[in-house]
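Chemist:
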Ligand code: URP
Ligand code: ZN
Ligand code: ZN
Ligand code: ZN
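In UniProt numbering, the protein residues as written are 1 to 484.
1) Mind listing, in chain order, the continuous beta strand (DSSP E) runs of no fewer than 3 residues lying wholly within the region 120–179?
2) Go through the residues and name those whose CB comes closer than 7 Å to any heavy atom of ligand 6, in chain order.
3) How long is the line joining the alpha carbons of residue 442 and residue 110, rounded to whole angstroms?
4) Comparing C-alpha positions only, which one of 272, 347 and 241 sits nearest to residue 297?
5) Take every Cβ of the region 456–464, pair it with every Cβ of the region 67–85, and state whether three or more of those distances are shorter than 8 Å.
6) Given this structure, state the Cα-to-Cα distance separating residue 170 from residue 90, to the nearest angstrom.
7) May I ask which residues mark the beginning and end of the beta strand (DSSP E) holding residue 24?
8) Does ligand 1 have even one heavy atom less than 7 Å from the beta-carbon of residue 270?
9) Considering only residues of the same chain and omitting the five flanking positions on each side of residue 308, which have a CB-CB separation below 6 Å?
10) Taking just the CA atoms, how far does residue 233 sit from residue 145?
11) Can you list, in chain order, the stretches of the beta strand (DSSP E) that have 3 or more residues and sit fully within the region 240–297?
12) Can you tell me whether residue 474 is buried or exposed, with buried defined as 16 or more other CB within 10 angstroms of its CB?
13) Note the first and the last residue of the continuous alpha helix (DSSP H) segment covering residue 349.
14) Taking the continuous beta strand (DSSP E) assigned at residue 446, which residues delimit it?
15) Bridge partners for residue 395 per DSSP, in chain order?
16) Under the criterion of a Cβ to heavy atom distance below 7 Å, does residue 335 qualify as lining ligand 1?
17) From the DSSP output, in three-state form, read off residue 201 for me.
18) Taking C-beta to C-beta, are residue 81 and residue 316 nearer than 8 Å?
19) Considering just the uninterrupted stretch of the beta strand (DSSP E) at residue 423, what are its terminal residues?
20) Beta-carbon within less than 6 Å of residue 56's beta-carbon, same chain only, minus the 5 sequence neighbours each way: which residues are those?
21) My output table needs one value for residue 440: the three-state DSSP class, helix, strand or coil.
22) Where does residue 8 land, buried or exposed, given buried means 16+ other C-beta within 10 angstroms?
23) Going by Cα to Cα distance, which pick from 416, 300 and 391 is closest to residue 402?
24) If I follow the unbroken beta strand (DSSP E) through residue 109, where does it start and stop?
25) Measuring CB atoms only, is the region 387–405 touching the region 418–437, in the sense that at least three cross pairs come out at less than 8 Å?
26) In the DSSP output, which residue or residues are listed as bridge partners for residue 488?
27) Compare the Cα-Cα distances from residue 42 to each of 58, 54, 59 and 22 and report the closest residue.
28) DSSP beta-bridge partners for residue 63?
29) Where does residue 434 sit, in a helix, a strand or coil, going by DSSP?
30) Can you tell me whether residue 407 is buried or exposed, with buried defined as 16 or more other CB within 10 angstroms of its CB?
31) Quick one: Cα of residue 445 to Cα of residue 92, how far?
32) Relative to the C-alpha of residue 273, which residue among 245, 16, 481 and 290 is closest?
33) Below 7 Å, is the gap between the Cβ of residue 408 and the nearest heavy atom of ligand 3?
34) Would you mind sorting residue 177 into buried or exposed? The rule is 16 or more other CB atoms within 10 Å of its CB.
35) DSSP on residue 1, reduced to helix/strand/coil?
36) From residue 262 to residue 339, what distance separates their C-alpha atoms?
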């Protein structure tokens, strides 16, 4: 059975042109004019784009004494509703737990996924076992990325020596380290001070995590990655200080990537000063939302190429879960939703305002991360042979974002009331229509794990350069006589 998407304009990261797309067996088999097939999807007036890839989600994540409320079923349903056709979640071993045991848990959870998915492995503790198992994770489990939390002291945080050891291991294995960059020691001290002074509300969360705390950690991670000879991916880059460190490193020839979130691009710190405790607590995430100057910096980074990816860090908690932190902001589970809203919000606030082009939209929602994760052009491309993960995007369809009509299982939406124009007419996951306008046709369990090979081209180039410039003993001829 073949499907043809007809009458639309293909938009990729580098091209815009009119053509039909023919699909068979979950793959794109032909691109060209006047194609026909067994089923036709009408794309008149629409753009046909690679489905979004969200490389930063936490579905059913064990965190801060609870579990994030969206699991792989509701989370991937929300993704597809918004035009995202692949998500990458973070496998989180408990302290002392085998990485491979933790992976079994994640494999089980993800069997419910409606779209394709992959995992990053988190390095939450350090030891010989972790060192050894990292190799198996890469070689046998198709995972080429390792996440390091520089924050969450006493829980997920790793220290600089552990990070350096892990980054060196990543270099050997051809893997890419990721960092959550905030100075966890300073944050913990500032949190305590705020609590001692009676600042126990959600605004204390923002006060305890200023931009400089993020900028310092980003810079430190960049230096450690450079010493280890490995590329680096900085998740949820939220402020100018962090962006500046990434920009400077890139100008100095380092391979560093930055990932702003749609929340940081479109919501600001005033949310934490709302008189309604629930309103502010629902928006508590790390790093916190920033002011307009930081938002402008992030938009400029996307336009200029110093920042490469827009993600969500989707980690949704219900109002009840958030209320665990009444009287102590440190106990408010950190995280917000966003999977369903990333693409419509970025289109509305980015493409429709002229901040970014349509092609840049495709680059930052799909193609760039597919290349970084080494799954391009299977994902992130409209090419013959690529997976038919596609979104038929109607630039005229609009809606008002509301928790009442969302797929996520939580009881609110941080973008509540925002008007968005630009929504999927169809979302296809490996050729299967999962969304038709507002009609959900997702199939639980349709999603498959996407294996990712190590030694992406950038890893190879960097290790060649590091090898060439490695310290070498100087063989000397004129050796002075001993004792002189
Ligand atoms: O607040 C956040 N971002 N929660 C999810 C975990 C993380 O730090 O990415
Ligand atoms: Zn294995
Ligand atoms: Zn994080
Ligand atoms: Zn995260």
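C-beta: ideal position from N, C-alpha, C; glycine also.
All values reported here derive from a predicted model rather than from experimental measurement.
Modeler: From the atom records:
1) 145–149
2) This structure lacks ligand 6; the ligands present are ligand 1, ligand 2, ligand 3 and ligand 4.
3) 15 Å
4) 241
5) In the pairwise beta carbon analysis, the region 456–464 is classified as not touching the region 67–85: fewer than three pairs are separated by under 8 Å.
6) 16 Å
7) 20–24
8) no
9) 257 and 368
10) 9 Å
11) 256–258
12) exposed
13) It is not in any alpha helix (DSSP H) - residue 349 carries neither H nor E in the DSSP assignment.
14) Neither: residue 446 is in no beta strand (DSSP E) and is coded neither H nor E.
15) Paired residue(s): none; residue 395 is not in a bridge.
16) Yes, since a heavy atom of ligand 1 falls inside the 7 Å radius drawn around the Cβ of residue 335.
17) coil
18) Between residue 81 and residue 316, the CB-CB gap reaches or exceeds 8 Å.
19) 419–429
20) 235, 311 and 313
21) strand
22) By the 10 Å Cβ count, residue 8 comes out buried.
23) 416
24) Element bounds for residue 109: not the beta strand (DSSP E) but the alpha helix (DSSP H), 99–110.
25) yes
26) Shown here, the chain extends from 1 to 484; a query on residue 488 therefore has no answer.
27) 22
28) 66
29) strand
30) Within 10 angstroms of the beta-carbon of residue 407 lie 16 or more other beta-carbons, which makes it buried.
31) 22 Å
32) Minimum Cα distance to residue 273 is reached at 290.
33) no
34) Residue 177 should be labelled buried.
35) coil
36) 9 Å
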